[in-house]
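Student: Just passing along the structure, written as structure tokens.
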Amino acid sequence: MDREWNDSQPIYRQLRDRVVAMILDGVLKEGDPLPSVRNVAAEYRVNPLTVLKGYQQLVDEQLVETRRGRGMFINEGARNLLLQGERHKFLAEEWPRVSATIQRLGLTREELLQTPADGQPSNPAEKEPKP
Amino acid sequence: MKSRIALSLLVVLLTAAAFAADTNTTQSDAQKSFDKLKALAGTWEGTFEGHRLEVTLRVTSMGNALMHEMKGSGPEDPITMFNLDSDRLLLTHYCDVGNRPRMVGKMSPDGKTLEFEFLDVSGSTQAGHMQHVTFTFIDPDHHTEKWEFAMADGKQVGGVLDLKRTK
Chain A
1 MDREWNDSQP
11 IYRQLRDRVV
21 AMILDGVLKE
31 GDPLPSVRNV
41 AAEYRVNPLT
51 VLKGYQQLVD
61 EQLVETRRGR
71 GMFINEGARN
81 LLLQGERHKF
91 LAEEWPRVSA
101 TIQRLGLTRE
111 ELLQTPADGQ
121 PSNPAEKEPK
131 P
Chain B
1 MKSRIALSLL
11 VVLLTAAAFA
21 ADTNTTQSDA
31 QKSFDKLKAL
41 AGTWEGTFEG
51 HRLEVTLRVT
61 SMGNALMHEM
71 KGSGPEDPIT
81 MFNLDSDRLL
91 LTHYCDVGNR
101 PRMVGKMSPD
111 GKTLEFEFLD
121 VSGSTQAGHM
131 QHVTFTFIDP
141 DHHTEKWEFA
151 MADGKQVGGV
161 LDLKRTK
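Chains A and B supply the protein sequences, listed in that same order. Under our numbering, the first residue of the first sequence is numbered 1, with each subsequent residue one higher. Under our numbering, the first residue of the second sequence is numbered 1, with each subsequent residue one higher.
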């Protein structure tokens, strides 16, 4: 996890988002334990109450469960639940803006499909500025 | 007739005196609570969920305010201010989630516990807000603080800071 935080939203929500990304990327798998509050607080230099809030958010979203005396664990089905939610969120919140930009720039379907995900042209010659 | 008026006046005066006495007692309770809290001024060290935290309390503004700062090495460490507001002791928490809840303090009859109940909040509560704080006075060099946060859906999360004085 990245140690940098931004001011756009509370740190506990950024922490929640990072755990979500780790679940989606398969870094944290269903049934895996979450790192302890103490370890996360120490490692990422945040207040332990912040970590507790972030973890509670994950519990509230049914992505994580608390096992008394053993800690917190990723729920079975958490990844699918997240994928549904994240897809819906992308289509509802991000896609309209991306779609509007595509139309504004007149980008074609072919151009979009030919462009790698990192945005860099696949032909190295295209990377060099022409004199 | 005159005696009736005199009697009525006497009743009014006695009622006013009783009310004033009651108000003074309430003010005095809030002042006592504030004084007890101000006696915590200094630097404290302790743990929260096994993680080391430092708390500093500083009397400021000519004794009219007490500033509480929680330091856990993160950028989100909150500030809390205490002050008297007429007959009540107020807490204002400058929360890392961006809002400022206020709470009113009430001392337990044995004087060992000071509980702050939620009053109101300014700023957005979309990310939840601090809801309840309890100070427990153990001895002059040892106290605990219980901080309870209400998530956006109302569920509570929190824990107890066990603090020992270092200065």
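Beta carbons: idealized from backbone N, C-alpha and C, even for Gly. Model, not experiment: these values are computed from the prediction.
Assuming B/L114 and B/F135 are in contact, meaning their beta carbons sit under 8 Å apart, how far apart are those beta carbons, in whole angstroms?
Tutor: Correct: roughly 4 Å between the Cβ atoms.
Student: Based on the DSSP output, what are the partners of B/M174 in its beta bridges?
Tutor: Here chain B comprises residues numbered 1 to 167, so residue 174 of chain B is not present and cannot be evaluated.
Student: Assign B/T166 to one of three DSSP states: helix, strand, or coil.
Tutor: Reduced to three states, the DSSP call for B/T166 is coil.
Student: Drop a sphere of 10 angstroms on the beta-carbon of A/L113, count the other beta-carbons inside from all chains shown, and report buried for 16 or more, exposed for fewer.
Tutor: Exposed: under 16 other Cβ atoms inside 10 Å.
Student: Is the segment 81 to 91 of chain A touching the segment 34 to 43 of chain A in the sense that three or more CB pairs, one from each, lie closer than 8 Å?
Tutor: The segment 34 to 43 of chain A is not in contact with the segment 81 to 91 of chain A.
Student: Along chain B, which residues have their Cβ under 9 Å away from the Cβ of A/T50?
Tutor: G72, G74, E76 and D96, listed in chain order.
Student: Any C-beta of chain A within less than 9 Å: which residues of the segment 136 to 159 of chain B qualify?
Tutor: Residues W147, F149, M151, A152, D153, K155, Q156, V157, G158 and G159.
Student: Along chain B, in chain order, which residues have C-beta atoms closer than 8 Å to that of A/V37?
Tutor: Correct list: E49, G50 and H51.
Student: Of all the CB atoms in chain B, is at least one closer than 8 Å to the CB of A/P33?
Tutor: Not one chain B Cβ lies under 8 Å of A/P33.
Student: Would A/G133 pass as a contact of A/E76 if the rule is Cβ separation under 8 Å?
Tutor: As displayed, chain A neither begins before 1 nor continues past 131, which places residue 133 of chain A out of reach and without an answer.
Student: Helix, strand or coil, according to DSSP, for A/N80 in the structure here?
Tutor: Three-state DSSP puts A/N80 in a helix.
Student: Assign A/R68 to one of three DSSP states: helix, strand, or coil.
Tutor: A/R68: coil per DSSP, three-state reduction.
Student: What are the boundary residues of the beta strand (DSSP E) that includes A/V27?
Tutor: Neither: A/V27 is in no beta strand (DSSP E) and is coded neither H nor E.
Student: Counting contacts by CB-CB distance shorter than 8 Å, is A/Q62 in contact with chain B?
Tutor: Chain B, which has no Cβ nearer than 8 Å to the Cβ of A/Q62, makes this no.
Student: Confirm, please, whether the CB-CB distance from B/L53 to B/T47 is below 8 Å.
Tutor: Yes, these two residues count as a Cβ contact at 8 Å.
Student: From the DSSP output, in three-state form, read off A/P48 for me.
Tutor: Here A/P48 sits in helix by DSSP.
Student: Verify the CB distance criterion: does A/N47 have a CB-CB separation below 8 Å to chain C?
Tutor: Protein chains in the displayed structure are A and B, and chain C is not among them.
Student: Could you check whether the Cβ of B/F116 sits closer than 8 Å to any Cβ belonging to chain A?
Tutor: So no, B/F116 is outside the interface.
Student: Taking the alpha-carbon of B/G123 as reference, which of B/G105, B/H93, B/D110 and B/K146 has the nearest alpha-carbon?
Tutor: When each option's Cα is compared against that of B/G123, the closest is B/H93.
Student: Can you check which of these residues, B/A152, B/L84 and B/D87, is closest to B/Q131 by C-alpha distance?
Tutor: Per the Cα distances, B/A152.
Student: Is the CB of B/A127 under 8 Å away from at least one CB in chain A?
Tutor: Yes - at least one Cβ of chain A is within 8 Å of the one on B/A127.
Student: Just how far apart, CA to CA, sit B/A127 and A/P10?
Tutor: Distance between the alpha carbons of B/A127 and A/P10 is about 7 Å.
Student: According to DSSP, what are the bridge partners of B/A65?
Tutor: Partner(s): B/T60 and B/N83.
Student: Is the CB of A/V19 under 8 Å away from at least one CB in chain B?
Tutor: So no, A/V19 is outside the interface.
Student: Sorted by chain position, which residues of the same chain lie with C-beta nearer than 6 Å to B/G72's C-beta, five sequence neighbours on each side aside?
Tutor: Around B/G72: L53.
Student: Let me know the secondary structure DSSP gives A/E61 once reduced to three states.
Tutor: Coil at A/E61, not helix or strand.
Student: Is the number of C-beta pairs between the segment 153 to 161 of chain B and the segment 43 to 52 of chain A that are closer than 8 Å three or more?
Tutor: At 8 Å Cβ cutoff, the stretches touch.
Student: Give the residues of chain B in contact with A/A42, contact being defined as C-beta atoms less than 8 Å apart.
Tutor: By Cβ distance, chain B contributes H51.
Student: When you compare only the Cα positions, how much space is there between B/D35 and A/R68?
Tutor: Rounded to whole angstroms, B/D35 to A/R68 spans 40 Å at the Cα level.
Student: If you count every other CB in all the chains shown that lies within 10 Å of the CB of A/T101, and 16 or more means buried, which is it?
Tutor: A/T101 should be labelled exposed.
Student: Just how far apart, CA to CA, sit A/K29 and B/V59?
Tutor: One C-alpha to the other measures close to 49 Å.
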